[in-house]
Amino acid sequence: MTTLPPLEYSDDLLRQVLRGVRTIAVVGASANWNRPSYIVSRYLQEKGYRVIPVNPGLAGQHLLGETVYADLAAIPDKVDMVDIFRNSDAAGPITDQAVQIGAKVVWMQLSVRNDEAAARAEAAGLTVIMDRCPKIEFGRLGGELGWYGVNSGIITSKPKEAPKPKRDKGESEHRPRQEYGFATKAVHAGAAPDSVTGARTTPIYQTASYVFEDTDQAASLFNLHSFGYIYSRLTNPTVSVLEERIATLEGGRAAVAAASGHAAQFLTFFTLMEPGDHFVASRNLYGGSLTQFGLSFKKLGWHCSFVDPHDPENFRAAITERTKAIFIESLANPGGIVVDIEAVAQVAHDAGIPLIVDNTLATPYLCRPMEWGADIVVHSTTKFLAGHGNSLGGCVIESGRFDWAKSGKFPGMSQPEPAYHGLTFYETFGDFAFTTKARAVALRDFGPAMAPMNAFFTITGIETLHVRMQRHCENALKVAQFLDSHPAVEWVSHAGLAGSKYAALRDKYLPKGAGAVFTFGIKGGFEAGKRVVERVNLFSHLANIGDTRSLILHPASTTHRQLTEEQRVAAGAGPEVVRLSVGLEDADDLIRDLEQALGG
Numbered sequence: 006m007t008t009l010p011p012l013e014y015s016d017d018l019l020r021q022v023l024r025g026v027r028t029i030a031v032v033g034a035s036a037n038w039n040r041p042s043y044i045v046s047r048y049l050q051e052k053g054y055r056v057i058p059v060n061p062g063l064a065g066q067h068l069l070g071e072t073v074y075a076d077l078a079a080i081p082d083k084v085d086m087v088d089i090f091r092n093s094d095a096a097g098p099i100t101d102q103a104v105q106i107g108a109k110v111v112w113m114q115l116s117v118r119n120d121e122a123a124a125r126a127e128a129a130g131l132t133v134i135m136d137r138c139p140k141i142e143f144g145r146l147g148g149e150l151g152w153y154g155v156n157s158g159i160i161t162s163k164p165k166e167a168p169k170p171k172r173d174k175g176e177s178e179h180r181p182r183q184e185y186g187f188a189t190k191a192v193h194a195g196a197a198p199d200s201v202t203g204a205r206t207t208p209i210y211q212t213a214s215y216v217f218e219d220t221d222q223a224a225s226l227f228n229l230h231s232f233g234y235i236y237s238r239l240t241n242p243t244v245s246v247l248e249e250r251i252a253t254l255e256g257g258r259a260a261v262a263a264a265s266g267h268a269a270q271f272l273t274f275f276t277l278m279e280p281g282d283h284f285v286a287s288r289n290l291y292g293g294s295l296t297q298f299g300l301s302f303k304k305l306g307w308h309c310s311f312v313d314p315h316d317p318e319n320f321r322a323a324i325t326e327r328t329k330a331i332f333i334e335s336l337a338n339p340g341g342i343v344v345d346i347e348a349v350a351q352v353a354h355d356a357g358i359p360l361i362v363d364n365t366l367a368t369p370y371l372c373r374p375m376e377w378g379a380d381i382v383v384h385s386t387t388k389f390l391a392g393h394g395n396s397l398g399g400c401v402i403e404s405g406r407f408d409w410a411k412s413g414k415f416p417g418m419s420q421p422e423p424a425y426h427g428l429t430f431y432e433t434f435g436d437f438a439f440t441t442k443a444r445a446v447a448l449r450d451f452g453p454a455m456a457p458m459n460a461f462f463t464i465t466g467i468e469t470l471h472v473r474m475q476r477h478c479e480n481a482l483k484v485a486q487f488l489d490s491h492p493a494v495e496w497v498s499h500a501g502l503a504g505s506k507y508a509a510l511r512d513k514y515l516p517k518g519a520g521a522v523f524t525f526g527i528k529g530g531f532e533a534g535k536r537v538v539e540r541v542n543l544f545s546h547l548a549n550i551g552d553t554r555s556l557i558l559h560p561a562s563t564t565h566r567q568l569t570e571e572q573r574v575a576a577g578a579g580p581e582v583v584r585l586s587v588g589l590e591d592a593d594d595l596i597r598d599l600e601q602a603l604g605g
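Here it is as structure tokens:
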């Protein structure tokens, strides 16, 4: 992908271009039905454009019902737009030819950019778009890209409308893309009124499958050549809204949802790893993740080294030639440990591997790891995103900034995929290739799909995320301060406390609050911890976090029970540890409940 500063084009400009052209010459057109130039050409034909292929090696032959020409000058008909599937250097003379034949637009494909040639063309009155794909932009503006969980950047109260060439409304004003606040995105991102009924709330599409227009359309969908719904194990309209909303809130490019947080982690690592590969993870993780990584993944030939996350250099020291990723939690469960995301990201990138961050406890309201260098973010949406303890789910979000071809470590992304007749995901899908492959291969073949009803509940929960997280954090800090001064409590691990050793990292990564899940150590050890959870009346004793209700757990006897005592202590789940997930009740009531449980 290009390393030059990114180019910005307004949605109005892109829509005007796509509505204003009729005939497109594709330079570099391939006769291979699974190459990007062929896929784009056919897609544009299906949307109503005339596509003229240009390729000197195929001149005189017929492709997609059109004669192939050797160069632009040989085309006898008027050409409105030239779409360039050649490298950046070759784009220069092709752009000059486009000026000579009187084209109105030059469009350079993903990773193709020639600023000098663009300047010449613009001086001649042409519109130039670079490092973009017209298929992707058409699909994004019309809402199709959202069907694959891609962040369209579009917030609207009107049904999304494709920029078809027959709908020339003559817009001339190019408004910059509007930047919306977090609350607005939480309520609107990914959703729009139903184009048929006008329904404003996202409907629950409780369906297993979808009717195809014809056999050609069905084949195109199965080949990943066009966007659309096939089967709800892969895509579902309700789930798609959730995927785009989470991608938007995290500042990511695209997302794919799964049946649970563990399923999201599995999709991530299956897409990254081969048997014999290795990854490095923080030792301060949710107990289920420690077991999944340390035991279950071994059966698949994936190996994990756990390190103390307090020193980023510990990750560097554990990297081997087979290491494919680093995994951390932004705010670690159960101890509320804050990890230096930016420093760990630098370690990962120095090694040419992605940083994966579980952002479940922080949520994108408190922390957006991609702003600090994370390449992939995972969530258990069951927790704070859904927020009401009523729906399981997980999600994988990609930043779109990691170069999967650069290091040669990820052939599954940068080399032809046998499951799709040799299609190369990174070449074809660019900055949303990772989640597309996670969906098209891992989700397809293993099937941990999110249920539409759970997606609906999670969408509804996210609409109040910003309001809930403020109250969660306020309540948690009050409860932590009470416990910090209680004589029956040995220690409290909450980054929001004035004396926390994580204060500097908290101020950097979590300025809005240190979350609502934390631990404290009770004097008396294992038995005392069990007594506290059994004596509360308002806190619920259960294995979940992020609920509206306040929750309590003794990790050593539950979530971390499968670990050895040494592993439990290293993970922050020693015998004396009690975990709290503070909810939305009145803080004074929660404090009274804990006070009586502690024997006060």
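Numbering (our numbering), first residue to last: 6 to 605. Just so it is clear, CB atoms sit at the ideal spot from N, CA and C, and this is done for glycine as well.
With a threshold of 7 Å on Cβ separation, who are the neighbours of residue i within its own chain once the five nearest residues in sequence on each side are excluded?
| i | result |
| --- | --- |
| Asn-37 | Tyr-43 |
| Ala-438 | Trp-409, Met-418, Phe-430, Tyr-431 |
| Val-56 | Ile-29, Val-31, Ser-46, Leu-49, Gln-50, Leu-69, Glu-71 |
Pull up the distance between the alpha-carbon of residue i and that of residue j, whole angstroms please.
| i | j | result |
| --- | --- | --- |
| Thr-440 | Leu-558 | 34 Å |
| Lys-411 | Gly-33 | 23 Å |
| Arg-566 | Arg-573 | 8 Å |
| Leu-277 | Gln-486 | 42 Å |
| Gly-604 | Glu-334 | 34 Å |
| Phe-90 | Ile-106 | 18 Å |
| Ala-445 | Val-582 | 42 Å |
| Ala-350 | Ile-358 | 9 Å |
| Thr-212 | Glu-422 | 29 Å |
| Arg-327 | Val-362 | 20 Å |
| Ala-443 | Thr-463 | 21 Å |
| Arg-238 | Ser-214 | 9 Å |
| Lys-414 | Leu-19 | 35 Å |
| Gly-233 | Ser-225 | 9 Å |
| Gly-266 | Asp-82 | 55 Å |
Please go through the same chain and pick out, in chain order, the residues whose beta-carbon is closer than 6 Å to the beta-carbon of residue i, but skip the five residues on each side of it.
| i | result |
| --- | --- |
| Pro-61 | Ala-75 |
| Lys-174 | In this predicted model, Lys-174 has a pLDDT of only 46, less than 50, meaning its place in the structure is not dependable; the value taken from the coordinates is given anyway. Contacts found: none. |
| Thr-100 | Val-111, Ala-122, Ala-126 |
| Lys-306 | For the sequence presented, residue 306 should be read as Gly rather than Lys. For Gly-306, where only same-chain residues beyond five positions count, the Cβ hits under 6 Å are Pro-280, Gly-281. |
| Val-73 | Pro-58, Asn-60, Leu-63, Ala-64, Gln-66 |
| Arg-584 | Pro-339, Thr-524, Leu-558, Pro-560 |
| Ser-310 | Val-285, Ala-323 |
Does the distance from the CB of residue i to the CB of residue j come in under 7 Å?
| i | j | result |
| --- | --- | --- |
| His-393 | Gly-466 | yes |
| Glu-468 | Ala-191 | yes |
| Phe-461 | His-499 | no |
| Arg-103 | Val-87 | Contrary to the premise, residue 103 reads as Ala rather than Arg in this sequence. Yes, these two residues count as a Cβ contact at 7 Å. |
| Ser-200 | Pro-164 | yes |
| Thr-207 | Ala-196 | yes |
| Tyr-185 | Ile-160 | yes |
| Ala-379 | Leu-360 | yes |
| Glu-166 | Ala-259 | no |
| Tyr-210 | Pro-457 | yes |
Count the other CB atoms, across all protein chains shown, that sit within 10 Å of the CB of residue i; report buried if there are 16 or more and exposed otherwise.
| i | result |
| --- | --- |
| Ser-396 | buried |
| Gln-21 | buried |
| Ala-561 | buried |
| Asp-512 | exposed |
| Ala-322 | exposed |
| Ser-162 | exposed |
| Lys-528 | exposed |
| Val-352 | buried |
| Trp-152 | buried |
| Ala-124 | exposed |
| Lys-304 | exposed |
| Asn-480 | buried |
| Pro-5 | The structure shown does not extend to residue 5, since the chain spans only 6 to 605, so no value can be given for it. |
| Asp-552 | buried |
Using 8 Å for Cβ pairs, my map puts residue i next to residue j. What's the rounded Cβ distance?
| i | j | result |
| --- | --- | --- |
| Glu-510 | Asp-345 | Correcting the residue type first, residue 510 is Leu in the shown sequence and not Glu. Contact flag correct, Cβ pair sits at about 6 Å. |
| Glu-273 | Val-401 | Checking the sequence, you will find Thr at residue 273 rather than Glu. Going by Cβ atoms, the distance from Thr-273 to Val-401 rounds to 5 Å, so yes, they are a contact pair. |
| Met-455 | Ala-264 | 6 Å |
| Ile-331 | Phe-284 | 7 Å |
| Arg-145 | Gly-256 | That pair is no contact at about 17 Å. |
| Ala-262 | Gly-405 | Actually they are not in contact, since the Cβ atoms of Ala-262 and Gly-405 sit about 17 Å apart, beyond 8 Å. |
| Pro-314 | Ser-294 | Between Ser-294 and Pro-314 the Cβ distance is about 13 Å, and since that is not below 8 Å, they are no contact. |
| Val-382 | Asn-364 | 5 Å |
| Leu-515 | Ser-555 | Not quite, the Cβ-Cβ distance comes to about 20 Å (not below 8 Å), so this is no contact. |
To which residues of the same chain is residue i closer than 8 Å at the C-beta, ignoring the five residues directly before and after it?
| i | result |
| --- | --- |
| Lys-517 | Tyr-370, Leu-371, Met-474, Gln-475, Cys-478 |
| Glu-318 | Val-352 |
Indicate whether at least one CB of chain D lies closer than 7 Å to the CB of residue i.
| i | result |
| --- | --- |
| Ala-493 | In the structure shown, chain D cannot be found, because there is only a single protein chain. |
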